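*Asks:* Quick note, my numbering runs 127 ahead of the 1-based positions in the sequence shown. Cβ atoms here follow ideal geometry from the backbone N, Cα and C, with glycine treated the same way. Predicted model, so just to flag it, every value in this text is computed and none were measured.
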Amino acid sequence: MSILIKNGRVVTATDDYIADVFIEGETIKAIGKDLNVTADQIIDATGKLVMPGGIDPHVHLDMPFMGTYSSDNYETGTRAALFGGTTTVIDFILQKQGNSLRAALDEWNSRANGNAVGDYSFHMAVTDFNEDTKKEIKDIIEKEGISSFKTFMAYKGALMIDDRQMIGLMQEVKKHGGLINVHATNGDMIDFLVAKNKAEGKLAPLYHYLSQPEVTEAEASGRFADMANYTGCPGYIVHLTCEGALNAVRNATRRNQKVFVETCIQYLILDASLYEKDFEGAKWVMSPPLREKKDQSTLWAGINQGLVNVVATDHCPFMWEQKLMGKDDFSKIPNGHPAIENRMELLFSEGVKKGKISLNKFVEVASTNAAKIFGMFPKKGTVAVGSDADIILFDADEKHTLSAKTHHMNVDYSGYEGWEVTGKVKTVLLRGKVVIDDNACLVEKGYGQFVKRNKVAGTI
Ligand code: URP
Ligand code: ZN
Ligand code: ZN
């Protein structure tokens, strides 16, 4: 099967030009003006942006968490991602404390295999680092193609590791060419504040926010950067939200250390005033919580300064009924919000259309950097000869409104209900196949493939 995408405006992280893109099988075979080729299918992309499929390196599909499961599974989650122009996601395997990494990998494979519609990969969350786990690291990287290891500095008792384990893990991961991802918030400080608020009868969602002040994130981010510097291990802070935490990363650059930073679309465009809506605020109960307007400005600036490298989602949806588990106690509200489908269009609309970031920067933070950092480039993350034909055709001017009534995520509310967006994903190709067109998904579950990743980048 061959496809010729004609006359589109091809935009990558570095280039912007009008060309045809010729695809044979799963890969891009040629790019050029007025290509003289015959193809089985011709797609007229005149007036459209032709960009690499998005990569969301932070999603939680079908994840056991806080006494329930995130409501999108591999089928619904990766399909919704495709509708929104994201062709590859990276999900988190969670090791159960006391069990092996292999057991966790088997469990996640059983959920994902044969169910994904779009492509996916895994990070391995190490929640119990010991002599046995240590022996598993090399094979997880070299045989399984999982080169990034997630750590939690919070969620004590379930997911959190201490600094001693963190340093041991960093040394082992560095030895084998991997990278450490971190949820960088000070778990003990947060647990103290949660207990204090509850003891004072402060139980509304607002107190979720007030139990995780900026200092809890700034402190942990600085500590993580110090440990990564000490061990020489590449580090990546997930879902960074605020000025204090970004300043810790900025400080690390003064000793010529690169700590990769991911923020998420919600932290760029939503703020903590949403927690004042009584229990409706539960829709945005996530960790870390939404922050202040000044933090949004810091994050947009951080993108342009090259300090914030990736805009992800931390997609972790729960049905409203699940959120109600915390109706009388904010600490029981399952943490997370849905965005896998909305990320690219919101980032384009709020970022590119409003003049905060360039079109090339959009591609860089929505796709290319994640591919580079996590060892998938140039197979994924760009439009280039030899790359997988993961391509979106995007109408930069079409206006539409986000709503739970029309989205494809398996969740009965939207964190962006009624949000007016300019720019729409029209057609999506994944490995040379048209998977989304005219608001319809054209492939079934099982089309999505696991992406084995190479050793990670230390710099980009
Ligand atoms: O609230 C969140 N972020 N839920 C998902 C788990 C995590 O910490 O990433
Ligand atoms: Zn987290
Ligand atoms: Zn997460």
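Using three-state DSSP, classify D398 as helix, strand or coil.
*Replies:* coil
*Asks:* How should E202 be labelled, buried or exposed, when 16 other C-beta atoms within 10 angstroms of its C-beta is the threshold for buried?
*Replies:* Result: buried.
*Asks:* Return yes when the C-beta of C443 is under 6 Å from any heavy atom of ligand 1, and no when it is not.
*Replies:* Indeed, a heavy atom of ligand 1 lies less than 6 Å from the Cβ.
*Asks:* Relative to ligand 2, is the shortest distance from any of its heavy atoms to the C-beta of H310 smaller than 6 Å?
*Replies:* yes
*Asks:* Do you know offhand how far Q570's Cα is from I264's?
*Replies:* The displayed chain sequence assigns Val, not Gln, to residue 570. The straight-line gap from Cα to Cα measures roughly 35 Å.
*Asks:* CA-CA distance, M190 and D161?
*Replies:* 47 Å
*Asks:* When you compare each of G573, K572, F577 and K551 to D565 by their alpha carbons, which one comes out closest?
*Replies:* K551
*Asks:* Quick check on DSSP: helix, strand or coil for N356?
*Replies:* Secondary structure of N356 (DSSP, three-state): helix.
*Asks:* Any heavy atom of ligand 5 closer than 6 Å to the beta-carbon of Q384?
*Replies:* The ligand content of the structure shown is limited to ligand 1, ligand 2 and ligand 3, which means ligand 5 is not among them.
*Asks:* Leaving out five residues on either side along the sequence, give the residues of the same chain with a beta carbon under 7 Å from the beta carbon of L330.
*Replies:* In chain order, D455, D456 and F457 place their CB closer than 7 Å to the CB of L330, counting only its own chain and leaving out the 5 sequence neighbours on each side.
*Asks:* Would you mind stating whether A208 and G245 have Cβ atoms separated by less than 7 Å?
*Replies:* yes
*Asks:* When burial is assigned at 16 or more other CB atoms within 10 Å of the CB, is T586 buried or exposed?
*Replies:* Residue environment for T586: exposed (fewer than 16 other C-beta atoms within 10 angstroms of its C-beta).
*Asks:* DSSP puts F351 in a beta bridge; with which residues?
*Replies:* Partner(s): none; F351 has no beta bridge.
*Asks:* Going by beta carbon distance, what residues of the same chain come within less than 8 Å of G304, once the five residues before and after it are set aside?
*Replies:* I268, S274, K582 and V583
*Asks:* Quick one: grab the DSSP three-state call for Y540.
*Replies:* coil
*Asks:* C391 to S227, Cα distance in whole Å?
*Replies:* 30 Å
*Asks:* Please say whether A375 and A115 have beta carbons closer to each other than 7 Å?
*Replies:* Residue 115 is absent from the model: the chain starts at 128 and stops at 587.
*Asks:* What residue ranges within the region 475-533 form continuous alpha helix (DSSP H) runs of no fewer than 4 residues, ordered along the chain?
*Replies:* 486-490 and 496-500
*Asks:* Quick one: what's Q222 bridged to in DSSP?
*Replies:* Paired residue(s): none; Q222 is not in a bridge.
*Asks:* Three-state secondary structure (DSSP) at R238?
*Replies:* helix
*Asks:* Terminal residues of the continuous alpha helix (DSSP H) containing E448?
*Replies:* Membership of E448 in the alpha helix (DSSP H) is indicated by the continuous run W447 to K450.
*Asks:* Does the beta-carbon of I145 have 16 or more other beta-carbons within 10 angstroms, so that it is buried, or is it exposed?
*Replies:* exposed
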